[in-house]
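Protein chains: 2
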Amino acid sequence: MNDKVKSVVIVGGTHGNELTGIHLVQSWKKNQREKDFSDFSVDYLIANTEARTANKRYLEHDLNRCFKKIDLENPSLNSLEQTRAKEINQLLGPKGAAKTDFILDLHTSTANMQINIVLTRIDPFHLQLAAYLKQQLDNVVITSEIELMDDHHFLESIATRGIVIEVGAIPQGALEYPCFEKTQSAIEVALDFVSYYNHSNNDQVTLPDALDEALDLMSYHSKIVFPVDDSGEICAVVHPDLIGKAYPQIKNGDVLFKGFDGKDILYQGETTHLAFINEAAYYDQKIAMCCCRPARFSLETCLRVD
Amino acid sequence: MNDKVKSVVIVGGTHGNELTGIHLVQSWKKNQREKDFSDFSVDYLIANTEARTANKRYLEHDLNRCFKKIDLENPSLNSLEQTRAKEINQLLGPKGAAKTDFILDLHTSTANMQINIVLTRIDPFHLQLAAYLKQQLDNVVITSEIELMDDHHFLESIATRGIVIEVGAIPQGALEYPCFEKTQSAIEVALDFVSYYNHSNNDQVTLPDALDEALDLMSYHSKIVFPVDDSGEICAVVHPDLIGKAYPQIKNGDVLFKGFDGKDILYQGETTHLAFINEAAYYDQKIAMCCCRPARFSLETCLRVD
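Going line by line, the protein sequences match chains A and B.
For the first sequence, the positions run 1 to 306 when this note's numbering is used.
For the second sequence, the positions run 1001 to 1306 when this note's numbering is used.
Written as structure tokens, this is what we have:
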């Protein structure tokens, strides 16, 4: 027997200016889409209603960085979002002993992330779910945060299982149908998977078409910040050759930035792949892009096989 | 003799999350670009520093809607931006008797507006300037606000002369080199024109290459709002066929929106052109796009000739 998924929560508006998830959650709630699923409950949450009203990612702290267990248990953290994180943790968690079995947290990016499924844990459920999403949909890229931290700070980490579905490129504060449709399709496929999982006798899920033996994903390892001038202001932009690219490889000597004077600035470092290229949400930390490298995991053993 | 342009002010950050103008103004100021121009002064202004810090278009009121003369003279209007508008009016104006001869106000759009030069007045200076920008640069589109109001609410309206330079598509809160470069080129061409104007004996400016006899522009006349459901929430998105298009024509029966259910919603109305398609900044008013129609003005008489 596996540990069945009885309760699913679909979350929108963890970032208040990512409208796709907000409108998708509202639309599903209005159309009572939860009735489509018989063997588990589906509930909805708009996570940061204040930021949504302000049409901002967050007001005081990024809500999707507030869910480390150590922070949820720290009474001195009480900004608007830190308080909201604790409320959500009581509602859907608490982290470590959660009443919610699976959280789908909906995000968008101003970068071309395609349908990015973010994993914060590597286990049979998540690896097979990710592989099933890749099997069923085009342009799915699985990324992993597991190299970055143990006690994860994402909202979805408070449930027993969870993923982030992040579609882009789309500007903040706007809706576009392809982004809405891709997000919706990813949710539908993920919920189909949950149903197959619930009807399987053990952790190896029985699916109509067998999955590949291994899952290829991109594992985040570091970030690249913008060059700044002597007053701390950004003085170069992401090189036009990289804008709009999905997870390109970059190697020592490739173009990376372009100064306002038009001069190219070259990448110096080990070969890597780039994600979140020129993500508008990261300008507050002057992060120009994130770095990730391919990794391959066996679906049977959950171990790296590359 | 014409009325020479002695003082030019380049304004960025009238909207706090349109980074191109902010960084361009900072870059020009740092590099003392004002020294490149001998026959007029060039000064710089970051208009809404508070909104810039917050990375928002505005905090209480859209600053670029606060410059009607009647509002500038109304002591009861005292929100953050209304107060700031009065300060800027003292600094660069006052409107109607301004110490500034020409304001270039730098904006960006999340819609594909190309290099959009916005005119709020039709006279020999502005028509020839617009025609010169079209002659010198690719992808320049002249739009006119003159059908919309007399006492204009834009910041640039406080000077004797002024234009908005608005480049897109680019997300809010992000920088991209092509957008920076297009904005910079438009400024440089506009300042070249000022020099030619200052060296001409009358309002008909002597230029190296003669301008066309007439200027084609797009004149705004109305707006189209999003469909909403019974709770007032947006329930359809701009049709994917229109996303990314620059000033397309639309006629009765063409696709306009797509519901979250995937159903097309058709345009009903007179043939027109569309601008600011899915502009993120207009979601707060649920405006999906603006309507404009072609108009042709004689450069000699400043009268319509279409």
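Note that beta-carbon positions come from the ideal geometry of N, C-alpha and C, so glycine has one too.
query = Shortest alpha-carbon distance to G1259/B belongs to which of D284/A, Q172/A, S27/A and Q32/A?
reply = S27/A
message = Which residues in chain B have a C-beta closer than 8 Å to the C-beta of V189/A? List them in chain order.
response = Within 8 Å Cβ-Cβ: nothing; V189/A doesn't reach chain B, min ~17 Å.
query = Counting only beta-carbon atoms, is E34/A nearer than 7 Å to chain B?
reply = no
inquiry  = Using only CA atoms, which one of D1105/B, Y1247/B and V1189/B lies nearest to D1036/B?
reply    = V1189/B
message = Which residues in chain B have a C-beta closer than 7 Å to the C-beta of S27/A? List them in chain order.
response = F1260
query = How many angstroms separate the CA atom of L1217/B from the CA atom of T1143/B?
reply = 5 Å
Closest Cα partner of F257/A within the set R1304/B, E1176/B, L1191/B and S1231/B = E1176/B
task = Helix, strand or coil for S231/A, going by three-state DSSP, please let me know.
result = coil
task = Could you say if the segment 1136 to 1156 of chain B and the segment 201 to 213 of chain A meet the contact criterion of at least three C-beta pairs nearer than 8 Å?
result = no
inquiry  = Check for me: the beta strand (DSSP E) holding V1118/B runs from which residue to which?
reply    = Q1114 to L1119
request  = Tell me, please, whether the CB atom of D98/A is closer than 7 Å to any CB atom in chain B?
outcome  = Checking the sequence shown, residue 98/A turns out to be Ala, not Asp. A98/A does not count as touching chain B.
ask   = In angstroms, rounded to a whole number, what distance separates the CA positions of A169/A and Y1196/B?
value = 43 Å
inquiry  = Looking at the strands, I want to know which residues DSSP matches up with L1106/B.
reply    = I1165/B
request  = Quick one: list the residues of chain A neighbouring A1246/B, beta-carbon separation under 7 Å, in chain order.
outcome  = By Cβ distance, chain A contributes nothing, its closest Cβ being about 16 Å from A1246/B, past 7 Å.
key: Beta-bridge pairing of S79/A - partner residues as DSSP gives them   = DSSP, once it has assigned bridges, lists no residue as partnering S79/A.
task = For the segment 8 to 75 of chain A, list the alpha helix (DSSP H) runs that are entirely contained and at least 4 residues long, ordered along the chain.
result = 19 to 30, 49 to 54 and 69 to 72
query = P1171/B to C1179/B, Cα distance in whole Å?
reply = 11 Å
task = Check whether the Cβ of A1275/B lies closer than 7 Å to any Cβ atom in chain A.
result = no
message = Let me make sure I understand the geometry here. Which of L106/A, D105/A, R161/A and T108/A has the alpha-carbon closest to that of L129/A?
response = R161/A
inquiry  = So for C179/A, helix, strand or coil by DSSP?
reply    = helix
request  = Return no unless some Cβ of chain A is closer than 7 Å to the Cβ of E1176/B.
outcome  = yes
task = Return the bridge partner residues of Q249/A from the DSSP annotation.
result = H273/A
Sub-7 Å separation of V1164/B and V1194/B beta-carbons = no
request  = Round the Cβ separation of L1091/B and V1008/B to the nearest angstrom and send it over; I've been treating them as touching at under 8 Å.
outcome  = Contact flag wrong, Cβ pair sits at about 14 Å.
task = Determine the direct distance from the alpha carbon of T1108/B to that of I1046/B, and round the result to whole angstroms.
result = 15 Å
query = Under 7 Å, do F1067/B and I1158/B count as touching if we go by C-beta distance?
reply = yes
Buried/exposed call for S219/A, threshold 16 Cβ in 10 Å = buried
ask   = Quick one: is A1051/B buried, meaning 16 or more other Cβ sit within 10 Å of its Cβ, or exposed?
value = buried
request  = Work out the CA separation of Y1044/B and V1025/B for me, nearest whole Å.
outcome  = 6 Å
task = Counting only the same chain and skipping the five closest in sequence on each side, list residues whose C-beta sits under 6 Å from that of Y58/A.
result = A51 and E81
ask   = So does R33/A have its beta carbon nearer than 6 Å to some heavy atom of the ligand SAM?
value = Absent from the structure shown: the ligand SAM. Ligands present: none.
request  = Indicate whether A281/A and Q114/A have their beta-carbon atoms separated by less than 7 Å.
outcome  = no
task = Note down, in chain order, every chain A residue with its Cβ under 8 Å from the Cβ of N1278/B.
result = A174, L175 and E176
ask   = Alpha carbon to alpha carbon, how far is P1227/B from A174/A?
value = 15 Å
request  = Consider the Cβ of T1110/B: report whether some Cβ of chain A lies at a distance smaller than 7 Å.
outcome  = yes
ask   = Thinking C-beta only, is L1072/B closer than 7 Å to N1048/B?
value = no
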